[in-house]
Structure formats: structure tokens, C-alpha cells
Amino acid sequence: MDATEVTAVLTRARQGDSEAFRTLVERHSRRAFQLAYRITGNEQDAEDVVQESFIRAYRQLGRFEARAHFGTWLHRIVANCSVDLIRSRRARYDHTSTDALDAADQPETDSPNPERLAASAQIQQTVAAAMTSLSPLERAAFTLRHYEGRSIAEIGKTLGLGTSATKHSVFRAVKKLRAALEPLRGES
Amino acid sequence: MSKHYSEDDLILYYYEERPRGGDIQAHLDRCDQCATAYRNLSATLRLVETPAAPERGDQYGLEVWQRIRHQLPEQELSWWSAWFRADRLALAGAFVVMVLAAFVTGLWWASGAKSAPTAGIAPKTSAKASGDDGRQRILLTTVADHLDRSERVLTDIMNTPAGHDISLEQEWAEDLVSASRLYRQDAADAGEHSVALVLDDLERSLLEIVHSPSKATAANLDQLRRRIDAASLLFKVRVLGDELRQRERQDVSRPRALSTHTS
């Protein structure tokens, strides 16, 4: 789909054309799921976030600036929906994220070095457990910085935080992860 | 030897939020202590690999669409699409007829009277009203966003367990306090007294959050919560936020209407 077609689809979607919105959903769902999964660390929660994000996006399409990039705008909505969902299910996240742990426990068949894999799995398991100890904002800020490579300024804009609060979210997340991972560093 | 860099500085440097090859790099080249700290930090952060999200097939977008298609809410229309809806056009037509009728009546009336000394004031008043509308619309949007952000901080505080470090919420609250003060003054100047009152309550609670110990005890949190509850602050913030969004939508769908909201 070229730029002209994207603009045309967006214009139709903003006029309430649900078929045009369907095109946007089909085009951006996988990327939205990926981001939601990285922030929530849970497959079902990520699914819920994707759905809620598109519903919010549809409701607010009238406010979307046609010149802006829909993907960037949706990215912001997904990040904030993820934060909201983690907040609302915080009690559930007191337990470790079983999806991440399950994934780490899966043996990979194509590796020639099982010892190294076991160490790697242990590290990722520890990372997953440490991630659940972060506050929703720390978790989102760290995900956007470390996994998504977003700048502090972009993260602040996405999460509606000032520069100082954004930096401190990242600092605190890194410190908590370091505390959990330092003991493993010698073994890796 | 110049000062050592803090862990926070090194984290920013690792994430390239500070220029590579600048002062920090020169310092790391000659300071073993900071170089070791940076090596340890980098080695630990390199262990944190991007988690592989479960695969989603090519049909995933379609599956999402199928799940949400019947839940799609009514769109919050932009002012121009709202304006061009058929029912609005009918209303606009009726409005034009009324204005024309008033104009003709006015001409007929004026022909029998002396020239009005206030002729020429109306256009200026109209331009001023239009400018005020614009400012008021911006005020509505910014205050509504501000209330959303404040609601998050308040909700966090209401749900924080005792002994939990609330310094992040405090920093966030501090950012909001200064903004709140400005919006409160703007709201008072614009005659939005009920908005100014809620912002005043909000500012007090935010300040109290800012000045609480960052490792809040159960007693500290209880005090904060009682204040928030006593003022029904969360409720007011939510209701006012919704109301402002609604007014914002009404205003953009009636761009030429004179905005004389009273709260």
C-alpha cells in the first residue's frame, strides 16, 4: 500500500467507514500485539490490549491528525492500554508471568550446546520474573527504551510523563533488573 | 581526576542519551573505577534479550477485526464531519433562514430609526468571541489531558501498598502541580470557576503527595487517601474530565456557536 492509498484509507476511516478501518486493523495488528506482549509479558493480556487499543483508536480517529503516522499514533495507544491493563491486574502480576517462564523452559531442538541454552533459559526466566516486580510505568518505559529503542523524549511523549519522570522510570527498572541479574552474570 | 559518573549517567550513556565520544568516553578511558562500573552495567543489560512474542499468522489482523467489529463504538467525529451530517445540515439551514429573517427585520427597523451609534462594534465583538472560543477550546483540551494524568497518579497512590517507594509518583505529581497552578489561573480568568475549584483541590492533594516521605508508611498513605476521599477528588477529576471532553466535542462540532459555558 503506497502513501496515497494509506491517506485515502485513513480519510475514509475517519469518516466512519468501517471497511477502511478494517484495513488498518489488518495492517497493524501484528505489530500492536508484539508491543503489547513485550510490555505485559502475557499472551492473553496482549490480546486484550490489542483489541482495546483498536477500539480506542476507532473512537478517537476524529482527533487523529491526518498528517501524522497512524502506526506511531497507535503505538502510543497500545503502550498506554498496556500500562492501564497492568495496573488493573496488578494483583495477578504479583505472581510470575507464566508465559515468559514457560517460553524459557521450552527446550530448543536446533542448538548444539544444551548447557549454554540452559544458562540462557535461566537468565531469561530471571528477567521475566524481575520484570513482574517493576511498576507498570517502569515496565513500559524500560520496554520502550531497551527493547524498542525509543528515546527518553519519545517515551515521555508516549506515556505522558515529563523527562525527569521518564528517566527515573528507566533508571529504577535497570537497577531492579541489575539486582536480579548480577548473581547470574558470572555463570553466563 | 575529575568526578566519577553516577550509575544514572552511565545508564543514559549506555542508551546513547548522552553523546558518544564526549566527556564520558574520555573519562572512562582514564578512570578504571568508572570503566569497570560501565563494563558491569553493559554486560548485565546485554543479558536482557528482547523476548520473542508468540507468533501470529498472516490472518491475525483479520481475526482481530472479527473480534472487535461488533464492539466498535460511535466515533468521536471531527468538527467538519459532524457539521456535514444531514441532521446538522438541516439545523444549519434553519439557522441561516432565521439569521436572514432577523437581518431583513433589522433593516426594516433601522430604516425607521436614527443611525445607531454602536455600528461597527459588532464585527469586533464577533472576532473577539471567535478568539475566546479558540482559547477556551484549547483550555478544555489541555485541562482534560491534565486531569487524565492526575487521575493516574491519584489511582496509583490509592492502590500503593504500605512501604512501597512512591518517589516516581512524587516526581510525576511535582510536574503536575506546576501545570495545575497555571491551568487553575487560566480557568479562573476564563470564568470557569468550578474547573478552577477542582484544580485547586487537586493541587493541594498533589502537593501533599510531593511532600510525603518516598517510603510512605501505612499512616502516610492513609492520610493521603483520606484527603483524596474527603474531597471526593478522584470522582470529581473523572467527572470533570468527562464533562470537558464532552464540551470539547460539542464545541468542535459547533465551531461558530458562541461559547458561553457556565459551570
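Listed in order, the protein sequences are those of chains A and B.
The opening residue of the first sequence carries number 1 in this note's numbering; numbering runs sequentially from there.
The opening residue of the second sequence carries number 189 in this note's numbering; numbering runs sequentially from there.
In this text, a Cβ means the ideal position worked out from N, Cα and C, and glycines have one as well.
Since the structure is predicted, the reported quantities are computational estimates derived from the model, not experimental observations.
Compare the beta carbon distance of residue i and residue j with 7 angstroms and say whether it is the shorter of the two.
i: residue 366 of chain B; j: residue 387 of chain B; result: no
i: residue 229 of chain B; j: residue 198 of chain B; result: yes
i: residue 536 of chain B; j: residue 361 of chain B; result: Residue coverage of chain B in this structure runs from 189 to 451, which leaves residue 536 of chain B outside it and unanswerable.
i: residue 129 of chain A; j: residue 170 of chain A; result: no
i: residue 212 of chain B; j: residue 206 of chain B; result: yes
i: residue 21 of chain A; j: residue 8 of chain A; result: no
i: residue 428 of chain B; j: residue 342 of chain B; result: no
i: residue 324 of chain B; j: residue 62 of chain A; result: no
i: residue 392 of chain B; j: residue 30 of chain A; result: no
i: residue 425 of chain B; j: residue 335 of chain B; result: yes
i: residue 123 of chain A; j: residue 233 of chain B; result: no
i: residue 152 of chain A; j: residue 167 of chain A; result: yes
i: residue 49 of chain A; j: residue 82 of chain A; result: yes
i: residue 210 of chain A; j: residue 45 of chain A; result: The first residue shown for chain A is 1 and the last is 188, placing residue 210 of chain A beyond what the model contains.
i: residue 255 of chain B; j: residue 332 of chain B; result: no
i: residue 226 of chain A; j: residue 79 of chain A; result: Because residue 226 of chain A is not part of the residues shown, which for chain A are 1 to 188, the question remains open.
i: residue 134 of chain A; j: residue 165 of chain A; result: no
i: residue 136 of chain A; j: residue 87 of chain A; result: yes
i: residue 327 of chain B; j: residue 374 of chain B; result: yes
i: residue 249 of chain B; j: residue 25 of chain A; result: yes
At 8 angstroms on the CB atoms, spell out the chain A contacts of residue i, in chain order.
i: residue 248 of chain B; result: 29, 30 and 33
Could you name the residues of chain E that residue i contacts, counting a contact when the two beta carbons are closer than 9 angstroms?
i: residue 397 of chain B; result: The structure shown has no chain E; the protein chains it does contain are A and B.
For a contact meaning CB atoms closer than 8 angstroms, what does residue i contact in chain B?
i: residue 124 of chain A; result: 237 and 239
i: residue 78 of chain A; result: Within chain B, no residue comes near residue 78 of chain A; the closest Cβ sits about 12 angstroms away, beyond 8 angstroms.
Tell me, please, which residues DSSP counts as bridged to residue i.
i: residue 353 of chain B; result: B:403
Name the chain B residues whose beta carbon is nearer than 7 angstroms to that of residue i?
i: residue 177 of chain A; result: 236
Give the residues of chain A in contact with residue i, contact being defined as C-beta atoms less than 7 angstroms apart.
i: residue 389 of chain B; result: Here the premise fails: no neighbours, minimum Cβ distance about 21 angstroms.
i: residue 196 of chain B; result: 171
i: residue 206 of chain B; result: Here the premise fails: no neighbours, minimum Cβ distance about 11 angstroms.
i: residue 203 of chain B; result: 145
i: residue 244 of chain B; result: 30 and 33
Name, please, each residue of chain B whose Cβ falls closer than 9 angstroms to the Cβ of residue i.
i: residue 182 of chain A; result: 228 and 232
i: residue 127 of chain A; result: 235, 236, 237 and 239
i: residue 185 of chain A; result: 228, 231, 232 and 235
Please list the partners that residue i has in chain A, where partner means a Cβ-to-Cβ separation under 9 angstroms.
i: residue 430 of chain B; result: The contacting residues do not exist; residue 430 of chain B stays about 14 angstroms from chain A at best.
i: residue 413 of chain B; result: Chain A residues near residue 413 of chain B: none, gap ~17 angstroms exceeds 9 angstroms.
i: residue 199 of chain B; result: 167, 170, 171, 174 and 175
i: residue 337 of chain B; result: 160 and 161
- With 8 angstroms as the limit, tell me which residues of the stretch 147-170 of chain A have their beta carbon closer than that to any beta carbon of chain B; keep them in chain order. 147, 151, 152, 160, 161, 162, 164, 165, 167, 168, 169 and 170
- Message: If the cut-off is 8 angstroms on Cβ atoms, which residues from the stretch 33-66 of chain A count as contacting chain B, listed in chain order?
- Response: 33, 34, 37, 38, 41, 43, 46, 50, 51, 54, 55, 58, 59, 60, 61, 62 and 63
- Item | Given 8 angstroms, three or more beta-carbon pairs between the stretch 349-366 of chain B and the stretch 432-440 of chain B | no
- Query: What residues in the stretch 217-241 of chain B have a beta carbon less than 9 angstroms from any beta carbon of chain A?
  - Reply: 228, 229, 231, 232, 233, 235, 236, 237, 238, 239, 240 and 241
- Query: Between the stretch 132-144 of chain A and chain B, which residues of the former have a C-beta closer than 8 angstroms to a C-beta of the latter?
  - Reply: 135, 137 and 138
- Task: Count the C-beta pairs between the stretch 35-49 of chain A and the stretch 236-243 of chain B that are closer than 8 angstroms, then say yes if the count reaches three, no if not.
- Result: yes
- Using Cβ-Cβ distances below 7 angstroms, what residues of the stretch 5-27 of chain A are close to chain B? 14, 15, 16, 18, 22, 25, 26 and 27
- Item | Chain-ordered residues of the stretch 253-265 of chain B with a beta carbon less than 8 angstroms from chain A | 253, 255, 256, 257, 259, 260, 261, 262, 263, 264 and 265
- Decide if the stretch 42-62 of chain A is in contact with the stretch 145-155 of chain A; the criterion is three or more beta carbon pairs, one per stretch, under 8 angstroms apart. no
- Message: By the 8 angstroms beta-carbon criterion, what residues does the stretch 355-386 of chain B contribute toward chain A?
- Response: 355, 356, 359, 360 and 363
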